[in-house]
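Visitor:
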Amino acid sequence: MRKFNITVNGKAYEVEVEEIGGASSAPVSRPAATPRPVAPASAPKPSKPAPAPKPAATAPAGGNTVTAPMPGTVLDIKVKEGDTVSNGDVLIILEAMKMENEIMAPASGKIASVSVSKGASVNAGDVLIVIE
Numbered sequence: 001m002r003k004f005n006i007t008v009n010g011k012a013y014e015v016e017v018e019e020i021g022g023a024s025s026a027p028v029s030r031p032a033a034t035p036r037p038v039a040p041a042s043a044p045k046p047s048k049p050a051p052a053p054k055p056a057a058t059a060p061a062g063g064n065t066v067t068a069p070m071p072g073t074v075l076d077i078k079v080k081e082g083d084t085v086s087n088g089d090v091l092i093i094l095e096a097m098k099m100e101n102e103i104m105a106p107a108s109g110k111i112a113s114v115s116v117s118k119g120a121s122v123n124a125g126d127v128l129i130v131i132e
């Protein structure tokens, strides 16, 4: 049986290891190592202030905003400003997690604005289209 002192994450442990077969040797014992104090690391300095979030497009009174239900990439935009759409019409194809998701109109109306472009990356909650 051999004893070893092992330090893991700054904590000292004494372990015994049994040799199976072969000649046994005299046990070796050393005092447990004490961790050295480490100088605290200074906090990283910000390189530049974070950009201010862009203002979200707002729907006109009585209008609807169509937002991204999940993060993804805009593959195709099926409508343009001024188009008339019906409830359930496909407005945008959004790729998320290797799947193409159809983003549909929540109500009938006229497209007031399209806030994204083909190939754009969007986050969940980003405004895609405003319907009046």
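If you use the UniProt record's numbering, the sequence shown corresponds to residues 1 to 132, in order.
C-beta: ideal position from N, C-alpha, C; glycine also.
Computed from a predicted structure; not experimentally measured.
How many Å lie between valine 122 and asparagine 101 at the Cα?
Guide: 13 Å
Visitor: Residues in its own chain within less than 6 Å of glutamate 18 by CB, not counting five upstream and five downstream?
Guide: Excluding residues within five positions, the ones whose Cβ falls inside 6 Å are Met1.
Visitor: To the nearest angstrom, report how far apart leucine 75 and alanine 120 are at their CA atoms.
Guide: 8 Å
Visitor: If you measure between the beta carbons of glutamate 132 and alanine 112, is that distance less than 8 Å?
Guide: A distance below 8 Å separates the beta carbons of glutamate 132 and alanine 112.
Visitor: Going by the beta-carbon positions, is the gap between alanine 124 and alanine 68 smaller than 8 Å?
Guide: yes
Visitor: For serine 117 and asparagine 87, what's the separation of their Cα atoms in angstroms?
Guide: 22 Å
Visitor: Measuring alpha carbon to alpha carbon, tell me which of Leu128, Gly10, Ile103 ends up nearest valine 114.
Guide: Leu128
Visitor: Relative to the alpha-carbon of aspartate 126, which residue among Asp89, Leu94, Ala107, Gly82 has its alpha-carbon at the smallest distance?
Guide: Taking only the C-alpha atoms, the option nearest aspartate 126 is Leu94.
Visitor: Please report the straight-line C-alpha distance between aspartate 89 and lysine 45, rounded to a whole angstrom.
Guide: 49 Å
Visitor: Relative to the C-alpha of glycine 82, which candidate in Val8, Glu14, Phe4, Val130 has its C-alpha closest?
Guide: Answer by Cα proximity: Val130.
Visitor: What I want to know is whether the C-beta of leucine 75 ends up closer than 7 Å to one or more non-hydrogen atoms of the ligand COA.
Guide: The model on display carries no ligand, and the ligand COA is accordingly not part of it.
Visitor: Could you check if isoleucine 20 is buried or exposed, using at least 16 other CB atoms within 10 Å of its CB as the buried criterion?
Guide: exposed
Visitor: With burial defined as no fewer than 16 other Cβ atoms inside 10 Å of the residue's Cβ, what is the status of isoleucine 6: buried or exposed?
Guide: exposed
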